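A short worksheet on the structure shown next.
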Amino acid sequence: GRLKSFGSSICGQASPTGRTMRHKLLVSALSLVAWASRWWAPPCSWCFAGRAGPFAGRARAGATCPRSAGAAFDDLRPSPEDPYSVLGLPPGTRDEAEVRAAARRLIKLYHPDVPSTGDADKFQAVQRAAQQLLEPGLAGPQAAASLERIYRWDPAPQHSRAYGGDRGAVPSSAAAPLRQADFAGSRGERVDVAACNARRRPELLRKTPRLAAVTHVATPETLARVRAVLARQLGVPEELAVGGVPLEQLGFFLEGQGSVGMQYVADVVMALEEEFGVELLTILVGTWVRFSVPGSVSTVQDLADFVESKIRQ
């Protein structure tokens, strides 16, 4: 009896302590589980709740997790660009030469390394637009390869024989002077000589001797008129066509010995003829167009000086 009584007294004294310890352990375990569930839950069981960001409102409203709902990102994507508007081309243009010429002109204008006109966003938009028109539907490495066609001179197969051993030569005067034969095979398709003849009015243009060197500095009025023609014909803001800007940066370039290789370049020179009433173009035997300028002419100011020299002859 005494033993039972002693045991009961011990249990009676120990029970409250045991219950307290068990209660504390249970509370600790529940706290640990709650803490672990906050960090170890599956990826889609949380949606940035309580955090700042574009999806915070949706998380608090109980919307689906942004990781599993791709539509949640649609509002963050830029709207599709019209490639024709970006490149300044008429809708429906498919001629590769026109697309390449427009893209190269704008790429030179918006290249991020250009101090005054560089714009990375516009530069990338031009690249995307050119790729979309040159090779629609391509992606990844194939799309990157199609962009190389903007920069790399790649003659069409029907022109290969005309290039001979110089096949693949780049039409740029940066490395070495170019020869007429390098581009004779395709120039007729890139410049519409008949259209040039139909537009020009030689009887209204004053003929002058060929200039071996620039002899006059352009007046402010002549420079302003040349800038206006370049801006209008090349589709660039006039404030960008300042005197020190290289002509090639605006997309105006020649193919060795002054040969005009693109129709829009011929249009620029014919517009200068109409503006100043002096003959600047020479059409040789109805096959190619030449703009004979001294080799020193490379900037907008140089071109204005050349025009000033021609009108003062």
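Numbering-wise (the working numbering), the sequence shown opens with residue 1 and increments by one. Virtual Cβ for every residue (Gly too), placed ideally from N, Cα, C. Owing to the predicted nature of the structure, the values given are computational and were not obtained by experimental measurement.
No Cβ-Cβ contact shorter than 8 Å links L272 with L284. Annotated three-state conformation of R290 is strand, per DSSP.
At a Cβ-Cβ threshold of 8 Å, R210 and S292 count as neighbours. In the three-state DSSP reduction, R206 falls in the strand class (E or B). Of the candidates K108, L205, V300, M262, V300 places its Cα closest to the Cα of T219. Taking C-beta atoms under 8 Å as the contact rule, L254 and A241 fail to qualify, at a distance of about 17 Å. The beta-carbon distance between S259 and R290, rounded to whole angstroms, is 6 Å. This is short enough to meet the 8 Å contact definition. Between E81 and R128, the beta carbon gap of about 7 Å places them in contact (Cβ cut-off 8 Å). Taking a C-beta distance under 8 Å as the contact criterion, V86 and V126 qualify as a contact pair. By the neighbour-count criterion, in which a residue is buried when 16 or more other Cβ atoms sit within 10 angstroms of its Cβ, P83 is buried. Taking each of A304, Q263, W288, T93 in turn and checking the Cα distance to P246, the smallest one comes out for A304.
Setting aside the 5 residues that flank it on each side, P202 has no residue in the same chain whose C-beta is closer than 6 Å to its C-beta.
Selection V307, Q249, T215, D302 evaluated against R206 yields V307 as nearest (Cα-Cα).
Bridge pairing for V269: absent [DSSP]. Rounded to the nearest angstrom, the Cβ distance from R104 to G251 is 7 Å, consistent with a contact under 8 Å.
According to DSSP, residue pairing for I107 in a beta bridge does not occur. For T282, the enclosing beta strand (DSSP E) begins and ends at 281-284. In the three-state reduction of the DSSP assignment, S298 falls in the coil class, being assigned neither a helical nor a strand state. By alpha-carbon distance to A195, the top candidate from Q132, Y264, T215 is Y264.
For L204, the number of other beta carbons within 10 angstroms of its own is below 16, and it is reported as exposed.
S259 has R290 as its beta-bridge partners, per DSSP. Non-local C-beta neighbours of G88 in its own chain, meaning closer than 8 Å and more than five positions away in sequence, comprise A102, L106, G235, ordered along the chain.
Note that the C-beta distance between V269 and T208 is not below 8 Å. Assignment of P246 by DSSP, reduced to helix, strand and coil, places it in the strand class. Under DSSP, V278 forms a beta bridge with R206. In this structure, the CA atom of P112 is about 40 Å from the CA atom of A198. Excluding sequence positions up to five before and after L223, its CB lies within less than 6 Å of the CB of A304, all in the same chain and listed in chain order. Leaving aside the five residues that flank E221 on each side, none in its chain has a CB nearer than 7 Å to its CB. In the DSSP annotation of this structure, the continuous segment of the alpha helix (DSSP H) that includes T222 starts and ends at 220-234. Here H216 is not near R94, since their CB atoms are 8 Å or more apart. A direct Cα-Cα distance of roughly 16 Å separates E239 from K108. Residue burial annotation: Q124 is exposed, with fewer than 16 other C-beta atoms found within 10 angstroms of its C-beta.
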